[in-house]
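Numbering (the working numbering), first residue to last: 1 to 238.
Every residue gets a Cβ at the ideal spot worked out from N, C-alpha and C, and that includes glycine.
Values in this document were obtained by computation on a predicted structure and should not be read as measured data.
Structure below.
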C-alpha cells in the first residue's frame, strides 16, 4: 500500500516541485494538496494521510502553530525557505526540516528516513524495553522516554542539545551539554568535543581527528584529543 501524502503550501511552484519529487518514488502518492492550514485541517479530518509536507510561512496560521493544534497528526516534513524555526520544529517530533529550493537528493533522504522508521518493529522494542535503562526527557510539551542504548551521540546547540537516536530519530531538549555529560557518565558515553558526547558502543570507525557513528562523522576536539586517543588505542587492542 502506498504512502498517502498531503502537500500544504501557498506557493504553487513549491507544490509542483514536491509533487514531481513524489512521483519519482514508487512507494509514495499524492492524496491531495492545499494552500493553507485551515483547508489542511479539513482534509486531515476526512482523509487518511500518512505523511504531510508542510510549509511554515502561510496566511492566517503558520505551519508550526497548525501542527501544534492537531491531535495525532500524521508524520510531517517541514518545507520552508526559513532556517529560523529549525530548533522549534524538532520539538514537534517532525521527520525532517527541508530548506527550499528542495533538491530531489535531499527530499529522498527525508522520505527514506520516514520509510525506515515506518518499518520499525514496535512490538519487539516493547518486549525489550523493560530490561533497558531509560530517562524521560522533555521536548516541547512532551516527555519522551529515551533509552540510553538508543542514543548514538549528543550534539550541543547553545542552550539546547540535539539527541541523535537509532532509526534516524532526533529530539531537541533544553539542556546544557555539561549537565547531559554528568547524567550520562555512568553509562557508556564519552565527551569527545566541547559540542559532542558519543556512545562508545555505537562507534563504527575512527581516525585521529574524527569518530564515525552510524555513517555520521563526529569531530574530536583539540582539548579532548589526548584522552580520546588513549581510549581509542585500547579499542584497537581488543
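| Query | Result |
| --- | --- |
| Whether residue 10 touches residue 45 by CB criterion (8 Å) | no |
| Residues of its chain near residue 242, where Cβ-Cβ distance is below 6 Å and the 5 sequence neighbours each way are ignored | Absent from the structure is residue 242, since the part of the chain shown begins at 1 and ends at 238. |
| Pairwise C-alpha distance: residue 80 and residue 115 | 21 Å |
| Same chain, Cβ closer than 7 Å to residue 15, five either side skipped, listed in chain order | 7, 9 and 33 |
| Where residue 122 falls: helix, strand or coil (DSSP) | Its pLDDT being 39, under 50, residue 122 is placed unreliably by the model, and the measurement read from it follows with that caveat. Helix, per DSSP. |
| Segments of 4+ residues assigned as alpha helix (DSSP H) that fall wholly inside the segment 91–166 | 104–118 and 122–129 |
| Counted within 10 angstroms of its Cβ, other Cβ atoms place residue 178 as buried (16 or more) or exposed | exposed |
| C-alpha distance - residue 117 paired with residue 141, whole-angstrom precision | 22 Å |
| Closer than 7 Å: residue 197 CB and nearest the ligand NAD heavy atom | The ligand NAD is absent from the structure shown, which contains no ligands of any kind. |
| Beta strand (DSSP E) runs contained entirely in the segment 26–77, provided each spans 3 or more residues | 28–34 and 51–55 |
| With 16 other Cβ atoms within 10 Å as the buried cut-off, status of residue 53 | buried |
| Residue 77 versus residue 56: straight-line alpha-carbon distance, rounded | 10 Å |
| Helix, strand or coil at residue 220 [DSSP, three-state] | coil |
| Buried/exposed call for residue 124, threshold 16 Cβ in 10 Å | A caution first: residue 124 carries a pLDDT of 45, below 50, which makes its placement in the model unreliable, though a value can still be read off. It is exposed - the Cβ of residue 124 has fewer than 16 other Cβ atoms within 10 Å. |
| Proximity winner among 193, 189, 172 and 41, relative to residue 224 (alpha-carbon distances) | 193 |
| Residue range of the unbroken alpha helix (DSSP H) whose run includes residue 201 | Unbroken run through residue 201: none, as it is neither H nor E. |
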